[in-house]
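S.K.:
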Amino acid sequence: MQTKTLSPPMSAFVATARAAKVTTPWTWAGPCGPTSPATTGTTTTPHQPAHGDHAGVIEGAGGTTLLTVCRNMHHDPPVLNITFGADDAAQMGYLIAVHRAQELLGIDQLPPLTIKGWPSLHVFGPSASAAVLCAVVSLFTNRLCRSDTAVTARVEFGTDELFGVGFLAQKAWGARKAELTRLVMSTADQDAWAAVPAAVREGLTPVFVGTGRELLDVMFKPLPWAVQ
Numbered sequence: 001m002q003t004k005t006l007s008p009p010m011s012a013f014v015a016t017a018r019a020a021k022v023t024t025p026w027t028w029a030g031p032c033g034p035t036s037p038a039t040t041g042t043t044t045t046p047h048q049p050a051h052g053d054h055a056g057v058i059e060g061a062g063g064t065t066l067l068t069v070c071r072n073m074h075h076d077p078p079v080l081n082i083t084f085g086a087d088d089a090a091q092m093g094y095l096i097a098v099h100r101a102q103e104l105l106g107i108d109q110l111p112p113l114t115i116k117g118w119p120s121l122h123v124f125g126p127s128a129s130a131a132v133l134c135a136v137v138s139l140f141t142n143r144l145c146r147s148d149t150a151v152t153a154r155v156e157f158g159t160d161e162l163f164g165v166g167f168l169a170q171k172a173w174g175a176r177k178a179e180l181t182r183l184v185m186s187t188a189d190q191d192a193w194a195a196v197p198a199a200v201r202e203g204l205t206p207v208f209v210g211t212g213r214e215l216l217d218v219m220f221k222p223l224p225w226a227v228q
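Just so you know, we're using UniProt numbering here: the sequence shown kicks off at 1 and counts up by one.
1) Could you tell me the alpha carbon to alpha carbon distance between P126 and V155, rounded to whole angstroms?
2) Please confirm whether I96 and F140 have their CB atoms less than 8 Å apart.
3) Is there a Cβ from chain B that is less than 8 Å from the Cβ of A188?
4) Only counting the same chain, and skipping five residues up and downstream in sequence, which positions put a Cβ closer than 8 Å to that of C134?
5) In whole angstroms, give me the CA-to-CA distance for P206 and V165.
6) Does the Cβ-Cβ distance between W173 and M185 come in under 8 Å?
7) If you draw a straight line from the C-alpha of L104 to the C-alpha of A198, how long is it?
8) Look up R154 in the DSSP assignment and give the residues it is bridged to.
9) P37 by DSSP, collapsed to three states: which one?
10) Taking DSSP as the reference, what is the three-state secondary structure of S186?
11) Going by alpha carbons, who is nearest to G106 out of V137, R176, S129, D189?
12) Alpha carbon to alpha carbon, how far is H99 from K171?
13) I need the straight-line Cα distance from A153 to D191, nearest angstrom please.
14) With DSSP as the reference, label T211 as helix, strand or coil.
15) Would you report the Cα separation of D148 and D108, rounded to the nearest angstrom?
16) Measuring only the C-alpha atoms, how far is F163 from G212?
17) Check P197 in the structure and name its three-state DSSP category.
18) Can you check which of these residues, A195, L204, G203, A130, is closest to D160 by C-alpha distance?
19) Opposite Q181 in the DSSP bridges: which residues?
20) Confirm, please, whether the CB-CB distance from T181 to G210 is below 8 Å.
21) With burial defined as no fewer than 16 other Cβ atoms inside 10 Å of the residue's Cβ, what is the status of G93: buried or exposed?
22) Thinking just about the alpha-carbon of each residue, which of Q102, V132, A169 is nearest to the one in residue 229?
23) Going by the CB atoms, is the gap between L204 and A175 shorter than 8 Å?
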């Protein structure tokens, strides 16, 4: 398990990534649901929900990983538990997502965050960076995201543009397995989505976004953007 500390302790938020099933109809899901665990290291314990129903954003490939934002008054600093891929690109995708969240929120430095790998979960890759962007914004603004929506797109340094990813059929199966009804993708993936068999796409409404700001606008209630 890898651990990286971005800055010293400060607040008491926790984000966990875990395989999960999300129920419909969707709600504005956010810091924490009664079925979401608070996690410290490798020990999972129940906690009292802060508000909201079921927290999370989904990025799935051959399976589904739920990034759940939780409040845990016994945990400081905030922790984001994810599964890092074996290559540097996966970890870089996470760091890019954090940096982009910082830019979009107009914050010179995000509040402190400890990152812990959770090896028992599905592998986190660059295509999960857009989902991580949503999770980080939810974590540090205490805002709710939609609980019916899967997200798959790639975030890069130096631009707000979202880039396409591969394996959309697998992402669609992961979303359907979690009983989600929307799949948010980059506009660059419109043709690739059209090529996915209709039987796989059935039951999912595609939502195409071109930028990180557009992504957050469809995943969250209106955000008070620092830069208009």
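Glycine is no exception: its CB is placed at the ideal position from the N, C-alpha and C atoms.
M.R.: Here's the rundown:
1) 8 Å
2) no
3) In the structure shown, chain B does not exist; there is a single protein chain.
4) V57, L67, C145, V151, L215, L216, M219, F220
5) 14 Å
6) no
7) 35 Å
8) F163
9) For P37, the predicted model reports a pLDDT of 31, less than 50, meaning its position is unreliable; a value from the coordinates is still stated below. DSSP places P37 in coil when its eight states are reduced to three.
10) strand
11) V137
12) 25 Å
13) 14 Å
14) strand
15) 32 Å
16) 10 Å
17) coil
18) A130
19) The question names Gln, yet the displayed sequence has Thr at residue 181. Paired residue(s): none; T181 is not in a bridge.
20) no
21) buried
22) Because the chain is modelled from 1 through 228, residue 229 falls outside the range shown and cannot be assessed.
23) yes
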